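Asker: For the sequence shown, counting from 1, position 71 maps to 357 in the numbering used here; every step adds exactly one.
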Amino acid sequence: MITIYTILIGLTLGVSMAAPPGPVMTVIMKKSLSSIKSGFLVGMGAMTADLILLFLVLLLKNYVDLTAYEPIIFILGGLYFVYLALKILNEVINTNRMKESESNTDFSYFKGLFTGILNPMQIGWWLTAGLSIIEADGISPFYFFYLGIIVYVYLLCFVIYKTHAKYQEKVSFVVNIFSIFVLLGFGSYFIFSFLVMDGLHF
Numbered sequence: 287m288i289t290i291y292t293i294l295i296g297l298t299l300g301v302s303m304a305a306p307p308g309p310v311m312t313v314i315m316k317k318s319l320s321s322i323k324s325g326f327l328v329g330m331g332a333m334t335a336d337l338i339l340l341f342l343v344l345l346l347k348n349y350v351d352l353t354a355y356e357p358i359i360f361i362l363g364g365l366y367f368v369y370l371a372l373k374i375l376n377e378v379i380n381t382n383r384m385k386e387s388e389s390n391t392d393f394s395y396f397k398g399l400f401t402g403i404l405n406p407m408q409i410g411w412w413l414t415a416g417l418s419i420i421e422a423d424g425i426s427p428f429y430f431f432y433l434g435i436i437v438y439v440y441l442l443c444f445v446i447y448k449t450h451a452k453y454q455e456k457v458s459f460v461v462n463i464f465s466i467f468v469l470l471g472f473g474s475y476f477i478f479s480f481l482v483m484d485g486l487h488f
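1) Grab me the residues of glutamate 386's own chain with a C-beta within less than 8 Å of its C-beta, minus the 5 sequence neighbours each way, in chain order.
2) Can you grab the Cα-Cα spacing for the pair isoleucine 379 / threonine 298, in whole Å?
3) If distances are taken between C-alpha atoms only, which option among Phe444, Lys452, Phe393, Gly434 comes closest to threonine 512?
4) Is valine 310 closer than 8 Å to threonine 401 when the C-beta atoms are compared?
5) Classify isoleucine 425 as helix, strand or coil using the three-state DSSP reduction.
6) On the DSSP letters alone, give me the boundaries of the alpha helix (DSSP H) that leucine 481 sits inside.
7) Taking the alpha helix (DSSP H) that leucine 404 falls in, what are its first and last residues?
8) Residues in its own chain within less than 6 Å of tyrosine 366 by CB, not counting five upstream and five downstream?
9) Taking all protein chains shown into account, decide if methionine 483 is buried (16 or more other Cβ within 10 angstroms of its Cβ) or exposed.
10) Between the Cα of isoleucine 374 and those of Val457, Ile463, Leu417, spot the shortest distance and give me the residue it belongs to.
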């Protein structure tokens with residue numbers, strides 16, 4: 287049964303998933319420099335990843351120990367985020383290529399999908415908070431969870447794009463540097479976590 291409580295919980299969860307700084311938000315901000323559509327498509331790709339993870343949790347929670355796959359998730363996610371950081375760094379150094387890549391919106395959705403599906407934080411959220419909510423309230427809150435994500439992502443893309451349209455290079459530089467540090471930081475952390483999980487110590 288859908289109630290006001292269910293709606294509020296779902297919307298709050300959607301914003302709580304989309305709002306914190308992290309790899310997905312970083313890619314959304316980066317793509318929003320060129321157009322609202324590009325940034326929004328990244329968000330929709332990441333939201334598709336959430337939908338896939340929701341179905342996997344529902345299907346496998348009683349049959350498979352999903353936490354056993356954490357090391358693989360950490361190393362794949364870590365390497366992917368480091369790759370994205372180095373790619374943005376290369377674009378900052380080669381400004382002509384940066385302008386070229388920002389105009390290419392064709393793969394924004396898939397970049398969001400891969401960033402979401404390889405994000406250990408996103409996967410961890412579904413294995414902990416997401417699973418707890420499913421057990422307590424069923425899947426009803428998640429109808430509004432996705433609505434919360436859509437509204438938040440669109441507003442974020444709109445603000446970034448309009449700010450960039452006004453201040454141009456300053457905003458591009460700040461967003462790119464922020465993106466490099468966030469992605470490199472999370473990527474390094476996840477790779478280090480994989481090494482620790484795998485029993486390698488320095």
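No residue lacks a Cβ here, since even glycine has one placed at the ideal position from N, Cα and C.
Since the model is a prediction, treat every value here as computed from it, not as a measurement.
Answerer: According to the structure data:
1) Because the pLDDT at glutamate 386 is just 47, under 50, the model does not fix this residue reliably, and the point stays unresolved.
2) 39 Å
3) Nothing can be reported for residue 512, as the shown portion of the chain is limited to 287 through 488.
4) yes
5) Three-state result, isoleucine 425: coil.
6) 455-483
7) Segment: none, leucine 404 is in no alpha helix (DSSP H) and carries neither H nor E.
8) The beta carbon of tyrosine 366 lies closer than 6 Å to those of Leu404 in the same chain, with the five residues before and after it left out.
9) exposed
10) Ile463
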